[in-house]
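Here's the structure, in structure tokens; my notes come after.
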Amino acid sequence: MRHEVQWQNCPREDAGEHAWTVVGTPPRGRLSVVCISHNLTGAMVHFWNNRTIGCLGEQCDPCSKGRAKFWEGYLAALRDGTLDRLIVRITEKIGGQINQFLKDRKTIRGARMQFDRPSRSPNGRIRLIIDDGLADVPEKITEPPMRPLLLHIWRFTNLATVEQDPQKRFDVQEVLVPVSTNGHARKPK
Ligand SMILES: [Zn+2]
């Protein structure tokens, strides 16, 4: 029997479909996206061991140690220009603004959003500008299963296996540094 490499001219089906990068609004420059999600996914969270994790209510470690909790929202989007698949973190205030848009338009899918921080400080207030029209998002670009994906990000692996389809492994990467450090939005190549 001969040993041969099975060369292929394309990756296996669905390769890359589950690769998502979690981003927030950079202190400088701006984050421009087209929304894939139809609505928001949010939860009460804590900042814990230098990252955000969901609050588990009565069995919650950070709660039992008296740590503050706050609402954080997430939406799936494509980065304008590069089409990178992103999970965008939003604050409760921005969530309220998006909710208003949702009430008017019934969906945020296709909404073009620009996030920035006018004060240019890492914790400065976030400004969101949403274009009036909705862009066409190809049907095959679908929102990832947000809840299992967030459980994965929070490393709640026990809970994740309950909700997560075991066939679908996530390839999620969290960006904790600003997208752009030169004061300008990064230009798509
Ligand atoms: Zn908690």
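Residues 2 to 190 (this note's numbering) make up the sequence shown, in order.
Quick reminder that beta carbons are idealized off the backbone N, C-alpha and C, glycines included.
Just so you know, these numbers come straight off a predicted model, no measurement behind them.
- CA-to-CA, the gap between Met-45 and Gly-125 works out to about 20 Å.
- Ser-38 sits buried, since 16 or more C-beta atoms from the chains shown fall within 10 Å of its C-beta.
- In this structure, Val-138 keeps its C-beta atom at 8 Å or more from the C-beta atom of Val-89.
- In this structure, Arg-86 lies away from Pro-28, with their beta-carbon atoms at least 8 Å apart.
- Per the DSSP secondary-structure output, Gln-115 pairs in a beta bridge with Ser-33, Ile-130.
- Annotated three-state conformation of Leu-150 is helix, per DSSP.
- A distance of 8 Å or more separates the beta carbons of Cys-64 and Ile-109.
- The distance from the Cβ of Ile-131 to that of Met-114 is about 5 Å, consistent with a contact at the 8 Å cut-off.
- Straight across, the Cα-Cα distance linking Phe-48 with Gln-9 is about 45 Å.
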